[in-house]
Structure formats: C-alpha cells, structure tokens
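Numbering (our numbering), first residue to last: 6 to 360.
Backbone N, C-alpha and C fix where the C-beta goes; we use that ideal spot for every residue, glycine too.
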C-alpha cells in the first residue's frame with residue numbers, strides 16, 4: 006500500500022514565462038526550491054518547455070546519447086540537469102510535474118508514490134497508465150513519462166515529463182542511446198519505446214487542453230474538488246532573481262553540458278534492474294586498467310563516481326581484481342544496488358560492448 010502523499014503548497018510559476026527560456030532555468034528552479042530557506046514544506050509545481058530541447062542526466066555521456074548534428078541543425082537546445090536519470094527530448098507538448106519534499110527515511114526515491122496522482126488522473130481520463138521499471142509511466146507498454154530525482158541535504162525533488170503532444174519524430178532522431186540499452190528494454194528504437202498520451206484519452210477528453218490536464222492533476226495532488234481550495238504561492242521578482250543567479254553560477258560554459266568525451270579503448274555498459282544502465286569507458290595497457298570513466302542513467306546524482314574510477318585504475322584487467330576494486334568502492338552508495346562482480350564481468354566481457 007502506497008503511503009499517502011501530503012503536499013502543502015502549489016507554486017505558481019506562470020509569471021516567469023519569459024524567464025523560462027531554456028532547460029537550465031527550469032533546472033535552477035528545482036535547485037532554488039530545494040535549497041531556499043523560504044521553502045521548507047512539501048511543494049508542487051508545473052513547468053512546460055518553451056521550445057524543443059534535449060536534457061541529459063547528470064552522469065550520462067552526451068556523445069553516445071544524443072545526435073549532436075541533428076540537434077544543432079534544428080536549433081534544439083542541449084542541457085544537462087543536476088539530477089540523475091536518462092536523456093529526454095522535451096518540447097511545448099510536454100507537461101513537467103515536480104514534487105519537492107523532505108526526506109523522512111521512506112519517501113526519497115519512491116517514484117511510485119510521486120507518480121500516483123498523475124496515474125490516478127490519467128485513469129479518470131480513460132488512460133490505463135502504469136508504473137513500470139524503476140521510474141517510467143507506460144501505456145500499452147510504451148513510455149509516456151520518465152521520472153528523475155535530486156537530493157540536496159534533507160530536501161529532494163521527484164518529478165517527470167508527461168508526453169502529451171510531443172514531436173515523436175524529432176525525439177527519435179535527437180536521441181541515440183546505445184543499442185545495448187534499448188535491447189535491455191526489449192525494443193529496437195527510441196521511437197518504438199515512447200508515445201504521446203493524447204491518443205489514449207477517452208473520446209470525450211480527446212481535445213483536453215494542457216491547462217485542463219494540469220488543473221485535473223492539481224486537484225488530485227491536493228485531494229481537492231475546487232481549485233480555490235488549493236494553497237497557492239506566486240513567484241516574486243526576488244524569487245526569479247535568485248533562480249537566475251543560480252543559473253548564472255551553475256552554467257558557466259559548455260564543459261558541464263558536454264562533459265568529457267570518451268576516448269578509451271573500450272566502452273561497455275549493462276542495464277541493472279532497479280538501478281538503470283551503468284557504462285564504463287576505460288583503457289588497458291599491459292593487462293592493467295590505465296583510465297576509467299563512469300557514465301549512466303542511474304538515479305543517484307550524489308554518488309562519488311571519481312572515487313570508484315580511481316579505485317579501478319591501475320588494477321589488473323582481470324575479473325577477480327576488478328571485483329575486489331568495486332567491492333571496496335562503496336558501489337551501492339555511489340551508484341545503486343549493483344553487484345561488484347557484475348560490474349567487473351561487464352568490463353572483461355566483450356558482449357557488453359557499446360561501441
């Protein structure tokens with residue numbers, strides 16, 4: 006049984022439409038709500054992308070996940086968020102929903118709990134949406150919403166993108182995940198995996214607007230029957246200045262977004278149930294690992310990946326040696342519940358190649 010979700014306040018960010026000119030502002034908005042002393046209770050808000058963009062997870066390799074030529078040719082923005090999870094294509098046909106809560110020891114990372122109001126709303130509109138895997142909402146086996154999480158101190162966010170009228174053709178060309186990742190999900194392409202929810206609405210809701218859908222979710226989140234009963238906070242000019250200051254400080258150039266391009270001998274990856282895909286780019290000389298870099302769409306944005314990378318460098322390229330190196334690297338805390346031996350096996354066996 007899912008523990009009741011309690012949210013205290015709805016944050017109305019609609020007066021910031023002109024300021025929300027890119028993914029980095031939305032990401033900074035998340036950071037603001039988590040860290041600001043002005044907000045200590047449970048809050049909820051919506052946002053919509055003003056233009057097409059690809060947003061990748063904190064630990065992902067942009068060069069293997071994104072068709073950079075395509076997005077540049079079509080003026081699609083590229084951004085990297087501070088939270089984990091996988092790459093997503095977003096555009097005005099998306100409705101983003103975000104919960105900010107306090108960690109009580111049971112709720113952080115509980116995607117099912119925070120997806121429940123959206124699932125319940127969709128069911129009322131005739132859509133049999135389900136939570137599948139660790140953080141996806143699906144309809145008829147196709148993904149309609151992906152969720153991500155971010156924790157700073159005792160506060161965290163849990164939210165997702167709900168695909169309503171997204172340009173699926175552009176999404177399929179913009180995202181290029183490694184074949185091994187798609188195969189782990191039993192699919193052949195991004196296009197075959199995702200879809201819009203518009204087609205699944207009950208006939209009388211086929212023409213529902215984004216605003217109407219947003220309001221229905223809002224009522225479900227707050228267990229209300231009238232929007233006037235929902236406690237609302239409207240963003241002030243000072244709030245927006247604080248958000249923009251976070252954006253200016255955090256996004257100092259392309260280095261954060263693009264990351265380090267893998268230029269190693271090997272690039273291998275494996276999907277782990279309940280965790281996500283873990284990828285390692287590494288080089289070997291004289292049967293010793295000389296360099297390693299970890300990527301992935303796992304939802305732990307706070308792990309010390311550099312410590313793991315250092316621990317498996319200068320180690321003999323052998324399963325037993327690498328298993329021991331991963332075992333002493335606190336993999337569970339830094340990535341997720343992954344068996345160290347499975348990571349070692351991934352590195353030494355060529356059937357996990359992503360190149």
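| Query | Result |
| --- | --- |
| Any chance you could list the beta strand (DSSP E) runs of at least 3 consecutive residues sitting entirely within the stretch 131–213, in chain order? | 135–137, 141–144, 147–157, 160–168 |
| Can you tell me whether residue 97 is helix, strand or coil according to DSSP? | coil |
| Decide if residue 57 is buried, meaning its Cβ has at least 16 other Cβ atoms within 10 Å, or exposed. | buried |
| According to the neighbour-count rule (16 or more other Cβ atoms, all chains shown, within 10 Å of its Cβ), is residue 110 buried or exposed? | exposed |
| Which same chain residues, not among the five before or five after residue 62, have their C-beta less than 6 angstroms away from its C-beta? | 89, 90, 91, 302 |
| Could you tell me which of 299, 120, 108, 112 sits nearest to residue 101, measuring between CA atoms? | 120 |
| Give the straight-line distance between the Cα atoms of residue 329 and residue 336, rounded to the nearest whole angstrom. | 11 angstroms |
| Among the residues of its own chain, which have a CB less than 8 angstroms from the CB of residue 351, if the five just before and after it don't count? | 273, 274, 275, 283, 285, 357 |
| Is the stretch 232–252 close to the stretch 15–22, with three or more CB pairs under 8 angstroms? | yes |
| Which of the three DSSP states is assigned to residue 86 in this structure? | coil |
| Which class does residue 20 belong to by DSSP, given the choice of helix, strand or coil? | helix |
| Under a three-way DSSP split, which group does residue 282 fall into? | strand |
| Just list the alpha helix (DSSP H) runs in the stretch 23–88, keeping only unbroken ones of 4 residues or longer that don't cross its boundaries, in chain order. | 28–40, 67–70, 73–78 |
| Assign residue 36 to buried or exposed, taking buried as 16 or more other Cβ atoms, counted over all protein chains shown, within 10 Å of its Cβ. | buried |
| Pull up the distance between the alpha-carbon of residue 26 and that of residue 55, whole angstroms please. | 6 angstroms |
| Using the three-state DSSP reduction, which class does residue 345 fall into: helix, strand or coil? | helix |
| For residue 270, does the count of other Cβ atoms within 10 angstroms reach 16, so buried, or fall short, so exposed? | exposed |
| Return the residue from the list 122, 243, 143, 74 that minimises the CA-CA distance to residue 175. | 74 |
| Can you give me the C-alpha to C-alpha distance between residue 307 and residue 130, rounded to a whole angstrom? | 37 angstroms |
| Assign residue 248 to one of three DSSP states: helix, strand, or coil. | helix |
| Excluding five sequence neighbours on each side, which residues of the same chain lie with their C-beta closer than 7 angstroms to the C-beta of residue 345? | 328, 331, 332, 336 |
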